[in-house]
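Going by numbering that gives the first Met the number 0, the sequence shown opens with residue 0, and the numbers climb by one from there. The C-beta atom is built at its ideal place from N, Cα and C for all residues, glycine as well. Note that the structure is a prediction, hence the values are computed from the model and not measured.
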Amino acid sequence: MTNRTITQTATQTATQTVTRVNFAKAAPRAFKALIGFDAASREGLDPALVELVQIRSSQLNGCAYCLHMHTGDARKAGESEERLHMVSVWKEARHFFTEREQAALALAEAVTLVARDGVPDDVYAQAAALFTEEELGRLLALMATINTWNRIALATGKVAGTDERTG
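The structure is reproduced here in structure tokens:
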């Protein structure tokens, strides 16, 4: 058995024995407030665009739970498999995405990775040129919510493919 195998086995065993908090039950008011914030951020935005933004942020944050959930939601919103496969490489596959989608994806990356370089003026200006102030405000709120959901899902050990939403 190699050191890598031993480390992976130990990590898997440790992960399996630690019970994580159920955020919705442990902090119901915060959970409900976040759901409300999330719903308000989506108002008036194209559902497919919403999902593209959430997919990209979830990819960058390494949140398999949210990535699985939002790729499924994107399919329900009419998104093609071809475009879903291109989200992670959208800069190299710009022809798959509209100018507005590209601007939203660039802004989502900047907001998600804000600690690296902040939100560059050119990225913000491009989004501001293509979205109304209201749309831009909702996009920023959407980016705040998906990054919060990603952090909660990762911290609480949510498992991809176990979407607990109803309806």
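Cα separation between residue i and residue j?
i      : j      : result
PHE95  : TRP89  : 8 Å
ASP116 : VAL122 : 11 Å
ASP37  : ARG93  : 27 Å
HIS67  : THR147 : 16 Å
ILE54  : PHE30  : 21 Å
LEU141 : SER40  : 5 Å
CYS62  : GLY136 : 24 Å
GLU91  : MET85  : 9 Å
GLU78  : THR97  : 13 Å
ASN149 : CYS65  : 6 Å
Consult DSSP for residue i and reduce its assignment to one of helix, strand or coil.
i      : result
THR70  : helix
CYS65  : helix
GLY156 : coil
GLY35  : helix
PHE30  : helix
THR111 : helix
ARG99  : helix
ALA143 : helix
THR6   : Residue placement at THR6 cannot be trusted, given a pLDDT of 46 that sits under 50; the coordinates are not used to answer.
LYS75  : helix
GLY136 : helix
ASP162 : coil
ARG19  : coil
Do residue j and residue i have their beta-carbon atoms positioned less than 9 Å apart in this structure?
i      : j      : result
ARG82  : LEU51  : yes
HIS69  : SER87  : no
GLU134 : GLY43  : yes
LEU139 : VAL110 : yes
GLY160 : ARG19  : no
ILE151 : LEU59  : no
GLN125 : ALA143 : no
VAL118 : LEU104 : no
For the alpha helix (DSSP H) that contains residue i, what are its first and last residues?
i      : result
ASN60  : 46 to 60
HIS84  : 80 to 85
PHE22  : 22 to 25
VAL167 : The first residue shown for the chain is 0 and the last is 166, placing residue 167 beyond what the model contains.
ASP121 : 120 to 129
Of all Cβ atoms in chain D, is any one closer than 9 Å to the Cβ of residue i?
i      : result
LEU139 : Here chain D cannot be found, since the structure has a single protein chain.
Check whether the Cβ of residue i lies closer than 8 Å to any heavy atom of the ligand SAH, and answer yes or no.
i      : result
ARG115 : Only the bare structure without any ligand can be found here, which leaves the ligand SAH out of the picture.
Below 8 Å, how does it come out for the segment 61 to 76 and the segment 129 to 136: are there three or more Cβ pairs, yes or no? no
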